[in-house]
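These notes are about the structure you will find just below.
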Amino acid sequence: MKLFNKQYSQPGTKPGTISQSDVVNYTVSLIDYNKSEIEDHTVLELATCRDFIANTNVTWIHVQGNPSAEAMITLAKGLNIHELHIEDILNNGQRPKVELNEDQIFIILNLPLSDKGVTKIEQVSLFITKNTLISFCSGSFMPFENVIDRLMANVGKIRKLPADYLMYSLIDTTIDYGFPLLEAYAETIQAIEDELLNTKDRAILTRIHALRKEVLLVRRRIWPHRDLIGDILREEENSVISKNTILHMKDCYDHVESIKDTLESYHEMTQGLMEFYLTSVNLKLNDVIKFLTIFTTVFIPPTFIVGVYGMNFDSSISPFNMPELGWKYGYLGVLGIMAISITGMLIFFKKRRWI
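Mapped onto our numbering, the consecutive letters of the sequence shown carry residue numbers 5 to 359.
In structure tokens form, the structure reads like this:
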């Protein structure tokens, strides 16, 4: 997961400048519904979506992928979408935020996903008016299949309420994608904990560091959703959001808090795993140093004795020049003294519980 993953305009360019990827590949779907009827359309061009908007039904336009700047500008002219919002939609990597106007809402969300063990963040943008919601997903993954199924099956309140309830459903779905990611992190942490007890391989430290960095980055992407939803909950003058939807948004707020708190806990746990690994390595190093110290210490007396008898004084000159060298048991006697000194030191270390 990249530390910095945001498209941006070059410094000095005018506001609203779009720095778009060269790859233009997108699909457009449109669902038009009320409490008794629903129509699902596949649209080839964004410009044709304007024909469905001027009615009393709720119209949901979903754009998947990277639309061209020209198509977005054409759509914006018909829906009164500000050029700065178009810039934010097309320049991926934006921070989650909400902009509340009297008759429209613009929201940017970060969608956390795990793709084959690799965490990635996709941008989801929502533009809401009284009867219309336009959603944009920057990646190839369509996160709202369950919402579409609920609409088609007419399950729950979603078909009976205005576009702001659909907005709540999409926000709630986007945030809830954080829970599978939390489960994957929990399994990874558990696996690392089990591995730490059985191995001291340095590769595990790399895994812990990568996981810790990933958890921190995801936490930074999730945290702004808390302020985003808080701004919606405090809104009183917007004609798009009903009191009923605000009550449901409190549930989203709780989910964000839960994910944020869990990520903070995981961040602390990964720090603990790193400290546990380093402590284990230090203990192992201490054991090695302790063994070498004891080994060196017990051989100090024998080394001293060998050094004394290596001086080679001539015993024929003076009877005091190592007379025991002429003793027939001299060699065995020296070996015995060495053995006794080593044994004595080991017994002393054992009584002091140093070994």
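Built from N, CA and C at the ideal position, the CB exists for glycine as well. Quick caveat, the model's predicted, so the values are computed rather than measured.
Per DSSP, reduced to three states, the secondary structure at residue 45 is strand. With 16 or more other Cβ atoms from the protein chains shown falling within 10 Å of its own Cβ, residue 218 counts as buried. Within the same chain, 104, 245 come within 7 Å of residue 239 by CB-CB distance, once the 5 residues on both sides are set aside. Sequence-distant partners of residue 318 (beyond 5 residues in either direction) whose C-beta falls short of 8 Å from its own C-beta, in its chain, are 325.
In the structure shown, residue 205 falls within a coil segment according to DSSP collapsed to helix, strand and coil.
Checking the DSSP bridge columns, you'll see residue 29 partnered with 70. Boundaries of the alpha helix (DSSP H) around residue 153: 149-157. Between residue 112 and residue 127, the gap from beta carbon to beta carbon is short of 8 Å.
Its Cα nearest to that of residue 142, the residue 96 stands out among 96, 81, 226, 286. Nearest to residue 250 by alpha-carbon distance, out of 131, 79, 198, 237, is 237. By the neighbour-count criterion, in which 16 or more other beta carbons inside 10 Å mark a residue as buried, residue 59 falls on the exposed side. In this structure, DSSP gives residue 52 a helical state, which the three-state scheme calls helix. A check of alpha carbon separations from residue 267 across 183, 322, 162, 290 identifies 183 as the nearest. Restricting attention to alpha helix (DSSP H) runs no shorter than 4 residues, the region 297-343 encloses them at 304-312, ordered along the chain. It is roughly 22 Å from the alpha-carbon of residue 226 to the alpha-carbon of residue 91. For residue 144, the CB contacts under 8 Å within the same chain, skipping 5 residues up- and downstream, are 68, 69 in chain order. With a minimum length of 3 residues, the unbroken runs of beta strand (DSSP E) contained wholly in the region 64-121 fall at 101-104, 109-119.
For the pair residue 348 and residue 296, the Cα-to-Cα distance works out to about 18 Å.
Counting along the chain, residue 170 sits inside the alpha helix (DSSP H) bounded by residues 167-180. For residue 136, the enclosing beta strand (DSSP E) stretches over residues 136-141. Assigned with DSSP and collapsed to three states, residue 133 falls in coil, not helix or strand.
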